[in-house]
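Colleague: In our numbering, the protein residues as written are 1166 to 1842.
Cβ atoms here follow ideal geometry from the backbone N, Cα and C, with glycine treated the same way.
Because the structure is a prediction, the values reported are computed rather than measured.
Please read through the structure below; I'll follow up with questions.
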RNA sequence: UGGUCUAUGGUGUAACUGGCAACACGUCUGAUUUUGGUUCAGAAGAGUCUAGGUUCGAGCCCUAGUAGACCAACCA
């Protein structure tokens, strides 16, 4: 047996390489650096799992560092929420740090920069500075204050710090290169004046460092070895390094910034600004609305920490743009909950079922398995009686062959109870079914071991006893957006894609008695329906359950399929533009050399057919197809033969292509080329 | 239009110093099943954006294209 080689992501490759080059493992140190201006989402989970995962893997400390350099946006509420979420995910940070812890050090370094002539105080308006900055394609121009004497800079900066100037009136800028192709190097701002109270430093400061100045230096102070961030900071790296150069002491560790792609999830948005907008416009109930891709939303929805960590693990880390399918996230939570969730029964859309041969007033207590996946999970008691609720969708007067549920004259099993047969229905004046009357087989009780109890029946239904069930609210969720990538449309605002039916509230679901004791944080499988968790909105009088995710439902898929075919014909060709024919030929041709027998023949004939719609102008460029792509050359040769038959005149290019075909080592290509003339 | 980055089945990721393109989700069969769930067995689906080149051999190296992303906040 070969050990499967552990596959590393590119960050791990970098670390391994560093280690091989002599970097000592004890010096490895990471950090997760959120700005406390919003809640963490599933995209952050990727970064959290990356950094803390690396910490676990290499036994290295990981700091939680709040990047709190902007008192105008940041709040303690977010700090608390972020800490709660990371802890909930099961990670422990080595130290809780704040960029604001380093304000004094940062200030001292700034003074040093000024003294070295590497920073100056500017006093222009933001418009002036912006216009001097140039554009990505044109160089910027120097500020008139760029060469202010050191002494004057020192004096002004001192006054900035002392609060002698109005907000926005003065700035400290690094003196780098106004002509750099990297916009971030065009004399970036180090400090601005903000007259706001900071959540940690209060009114101690009125000048605040910018991200670039604070971030890299914070990494340095903490001696973070690998500073991982998302791709949009790639362009900042040059500045990160420049700042570091100014303060770096070779006796210490020098942090390195590396960038990876942020994780996107289909049918949702992943930017704090947009999530905030959903909250502020009351499109959702809050940051922790179960439809939100936030950690707190997922938690409330019923996702487990393990499922989110698993999702991050299987999603991986890379540098390309991505939109991960939500089905992967759903797979992760189903997999986790299948192993652990207690099985219970609840009916969401009830119809009354009367067992006419069951004694009136009698209650039978049945045992139901807590979890068939776990033999040690035991059973719990479920009351059974003459009048039950089952799901309305589980009955059809005439179900047909593929309907494995209850229909007139047919038998099904009631889960953990008896086998019943439907006999008649009672309808109201509108024709809607009010009651289903059935009879049960007294000998068939589940687990009784009788022959009748092991009888094969068409299906098994979940149910609740009307007398014993209690009412609860159930909230079902669908994707928040109808578009796979709602914020990827230049011409449309993401809010246009909000799914109006993302929340479905069932006021009166009927649940088995054991669920009265449900706790927030525990997970249940409502048999045949999905996984559910108690919502914190629950009160003693009224419980509220959130549907975390449905069970896989191949029946629903089957039922939907024919309808979809009607409304959305996915058939290509026909009304497609002509250009498609050529690319379709290329598509088919590619795999030609893998085919044989009938498959090869059908491929060839479809190429011949498609060739009817191809013009010589489209075909000719493909004569140059490289020799190793035999399949494509065969396809092109076939198409050529059709054109020639249709009267295409011979020319040197064609001649040459055919000759090359005749001399090819591939038999099929040879054969076709020779057939042409 | 300048700079930087990225391109591998429908989706997300692998493929170590070039050596039969792998895994997971999804999709489709079939078996098992007191959940149309789970589990099990299997299948389809990519010549790695295009065109050249180097090489015995290229997803990987080189050249030129193409497409997408990011960069001009006193945000992070």
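Can you tell me the Cβ-Cβ gap for residue 1628 and residue 1510, rounded? I've got them flagged as a contact below 8 Å.
Modeller: Translated into positions along the first chain, residue 1628 becomes position 463. Translated into positions along the first chain, residue 1510 becomes position 345. That pair is a contact at about 6 Å.
Colleague: What is the C-beta distance between residue 1512 and residue 1263, in whole angstroms, given that I count them as a contact (C-beta under 8 Å)?
Modeller: Here residue 1512 corresponds to residue number 347 of the first chain, with the count starting at 1. Here residue 1263 corresponds to residue number 98 of the first chain, with the count starting at 1. By a beta-carbon distance limit of 8 Å, residue 1512 does not contact residue 1263. Their separation comes to about 51 Å.
Colleague: My assumption, with CB atoms under 8 Å, is that residue 1435 sits in contact with residue 1206. Please give the rounded CB distance.
Modeller: Taking the first residue of the first chain as position 1, residue 1435 is located at position 270. Taking the first residue of the first chain as position 1, residue 1206 is located at position 41. Indeed they touch by this definition, with Cβ atoms about 6 Å apart.
Colleague: Compute the distance between the beta-carbons of residue 1710 and residue 1634, then report whether it is under 8 Å.
Modeller: Taking the first chain and counting its residues from 1, the one referred to as residue 1710 is at position 545. Taking the first chain and counting its residues from 1, the one referred to as residue 1634 is at position 469. Contact flag unset, no.
Colleague: Comparing C-alpha positions only, which one of 1484, 1461, 1385 sits nearest to residue 1473?
Modeller: Taking the first residue of the first chain as position 1, residue 1473 is located at position 308. Out of 1484, 1461, 1385, 1461 has the C-alpha closest to the C-alpha of residue 1473.
Colleague: Shortest alpha-carbon distance to residue 1835 belongs to which of 1813, 1624, 1800?
Modeller: Translated into the one-based positions of the first chain, residue 1835 becomes position 670. Among 1813, 1624, 1800, the Cα nearest to that of residue 1835 is on 1800.
Colleague: Skipping 5 residues on each side, what residues in its chain have a beta carbon closer than 7 Å to that of residue 1485?
Modeller: Locating residue 1485 in the first chain gives position 320, counting from the first residue. Closer than 7 Å at Cβ, skipping near neighbours: 1426.
Colleague: Can you name, in chain order, every residue of its own chain whose Cβ lies under 8 Å from the Cβ of residue 1497, other than the five neighbours on each side?
Modeller: Taking the first residue of the first chain as 1, we reach residue 1497 at position 332. These residues qualify, in order along the chain: 1472, 1473, 1475, 1476, 1479.
Colleague: Note down, in chain order, each residue of its chain lying with its Cβ closer than 6 Å to the Cβ of residue 1670, except the 5 sequence neighbours on either side.
Modeller: Counting from one through the first chain, the residue named residue 1670 turns up at place 505. 1640, listed in sequence order.
Colleague: Which residue wins for smallest C-alpha separation from residue 1844, given the options 1518, 1529, 1302?
Modeller: Examination of residue 1844 is not possible in this model, given that the chain is present from 1166 through 1842 alone.
Colleague: What is the C-beta distance between residue 1237 and residue 1358, in whole angstroms, given that I count them as a contact (C-beta under 8 Å)?
Modeller: Numbered from 1 along the first chain, position 72 holds the residue referred to as residue 1237. Numbered from 1 along the first chain, position 193 holds the residue referred to as residue 1358. Not a contact, Cβ separation roughly 12 Å.
Colleague: Under a three-way DSSP split, which group does residue 1603 fall into?
Modeller: Residue mapping note: residue 1603 aligns to position 438 of the first chain, counting from 1. In this structure, residue 1603 counts as strand in the three-state DSSP scheme.
Colleague: Count the other CB atoms, across all protein chains shown, that sit within 10 Å of the CB of residue 1244; report buried if there are 16 or more and exposed otherwise.
Modeller: For this step, residue 1244 is matched to residue 79 along the first chain. Burial call: buried.
Colleague: Distance check for residue 1298 and residue 1160, CA to CA, integer angstroms please.
Modeller: In the structure as shown, the chain begins at 1166 and stops at 1842. Residue 1160 is therefore absent and cannot be evaluated.
Colleague: Helix, strand or coil: which one does DSSP assign to residue 1544?
Modeller: Residue mapping note: residue 1544 aligns to position 379 of the first chain, counting from 1. Of the three classes helix, strand and coil, the one that applies to residue 1544 here is strand, per DSSP.
Colleague: Give a yes or no on contact between the stretch 1208–1215 and the stretch 1182–1191, applying the rule of three or more CB pairs nearer than 8 Å.
Modeller: no
Colleague: Taking only the alpha-carbon atoms, compute the straight-line gap between residue 1606 and residue 1719 and give it to the nearest angstrom.
Modeller: By 1-based counting over the first chain, the position of residue 1606 is 441. By 1-based counting over the first chain, the position of residue 1719 is 554. Answer to the nearest angstrom: the Cα atoms are 29 Å apart.
Colleague: Considering only C-alpha positions, which residue in the set 1222, 1371, 1598 is nearest to residue 1329?
Modeller: Residue mapping note: residue 1329 aligns to position 164 of the first chain, counting from 1. Of the listed residues, the one whose Cα sits closest to residue 1329 is 1371.
Colleague: According to DSSP, residue 1392 sits in a beta bridge with which residue or residues?
Modeller: For this step, residue 1392 is matched to residue 227 along the first chain. Paired residues: 1422.
Colleague: Measuring CB to CB, does residue 1625 end up less than 8 Å from residue 1580?
Modeller: Here residue 1625 refers to the residue found at position 460 of the first chain. Here residue 1580 refers to the residue found at position 415 of the first chain. Yes, the Cβ-Cβ distance between residue 1625 and residue 1580 is below 8 Å.
Colleague: Assess, as a yes-or-no matter, whether the stretch 1405–1421 is touched by the stretch 1291–1310 under the definition of 3 or more beta carbon pairs within less than 8 Å.
Modeller: Cβ pair count under 8 Å is below three, so no.
Colleague: Between which two residues does the beta strand (DSSP E) harbouring residue 1711 extend?
Modeller: The residue you call residue 1711 lines up with position 546 of the first chain. Here the beta strand (DSSP E) through residue 1711 covers 1709–1715.
Colleague: In this structure, does DSSP put residue 1445 in helix, strand or coil?
Modeller: Along the first chain, one-based indexing puts residue 1445 at 280. When secondary structure is reduced to three states using DSSP, residue 1445 falls in the helix class.
Colleague: Output the residue ranges of the beta strand (DSSP E) runs that lie fully inside the stretch 1538–1598 and measure 3 residues or longer, sorted by chain position.
Modeller: 1544–1549, 1552–1556, 1576–1579, 1584–1592
Colleague: Could you name the residues that DSSP lists as bridge partners for residue 1640?
Modeller: The residue given as residue 1640 occupies position 475 in the first chain. Beta-bridge annotation (DSSP): residue 1640 is paired with 1670, 1711.
Colleague: Tell me the DSSP secondary structure of residue 1737 in three-state form.
Modeller: Against the first chain, residue 1737 aligns to sequence position 572. Unreliable positioning characterises residue 1737 in this predicted model, as indicated by a pLDDT of 32, which lies under 50. A coordinate reading is not provided.
Colleague: Name the DSSP bridge partner or partners of residue 1259?
Modeller: The sequence position of residue 1259 within the first chain is 94, counting from 1. Partner(s): none; residue 1259 has no beta bridge.
Colleague: Roughly how many angstroms separate the alpha carbons of residue 1178 and residue 1255, rounded to a whole number?
Modeller: Locating residue 1178 in the first chain gives position 13, where the first residue counts as 1. Locating residue 1255 in the first chain gives position 90, where the first residue counts as 1. So the alpha carbons of these two residues sit roughly 25 Å apart.
Colleague: Which first and last residues belong to the beta strand (DSSP E) in which residue 1517 is found?
Modeller: By 1-based counting over the first chain, the position of residue 1517 is 352. Segment 1515–1520, the beta strand (DSSP E) holding residue 1517.
Colleague: What number of angstroms, rounded off, separates the C-alpha of residue 1313 from the C-alpha of residue 1648?
Modeller: Looking up residue 1313 in the first chain gives position 148. Looking up residue 1648 in the first chain gives position 483. Cα to Cα, the separation comes out at about 54 Å.
Colleague: Whole angstroms are fine: how far does the CA of residue 1241 sit from the CA of residue 1381?
Modeller: Along the first chain, one-based indexing puts residue 1381 at 216. Along the first chain, one-based indexing puts residue 1241 at 76. Rounded to whole angstroms, residue 1381 to residue 1241 spans 23 Å at the Cα level.
Colleague: Going by DSSP, what residues sit across from residue 1617 in a beta bridge?
Modeller: Within the first chain, the letter at position 452 stands for residue 1617. Its beta-bridge partners do not exist; DSSP assigns none.
Colleague: Give me the DSSP bridge partner(s) of residue 1110.
Modeller: Residue coverage of the chain in this structure runs from 1166 to 1842, which leaves residue 1110 outside it and unanswerable.
Colleague: What distance in whole Å lies between the Cβ atoms of residue 1384 and residue 1196, which are believed to be in contact at a cut-off of 8 Å?
Modeller: Counting from 1 along the first chain, the entry for residue 1196 is found at position 31. Counting from 1 along the first chain, the entry for residue 1384 is found at position 219. Yes, they are in contact, since the Cβ atoms of residue 1196 and residue 1384 sit about 7 Å apart, within 8 Å.
Colleague: How far does the beta strand (DSSP E) with residue 1281 in it extend, from its first residue to its last?
Modeller: For the purposes of this step, residue 1281 is taken as residue 116 along the first chain, with counting starting at 1. Run containing residue 1281: none; DSSP gives neither H nor E here.
Colleague: Find out if the Cβ-Cβ distance for the pair residue 1585, residue 1603 is shorter than 8 Å.
Modeller: Taking the first residue of the first chain as position 1, residue 1585 is located at position 420. Taking the first residue of the first chain as position 1, residue 1603 is located at position 438. Result yes, Cβ atoms of residue 1585 and residue 1603 sit closer than 8 Å.
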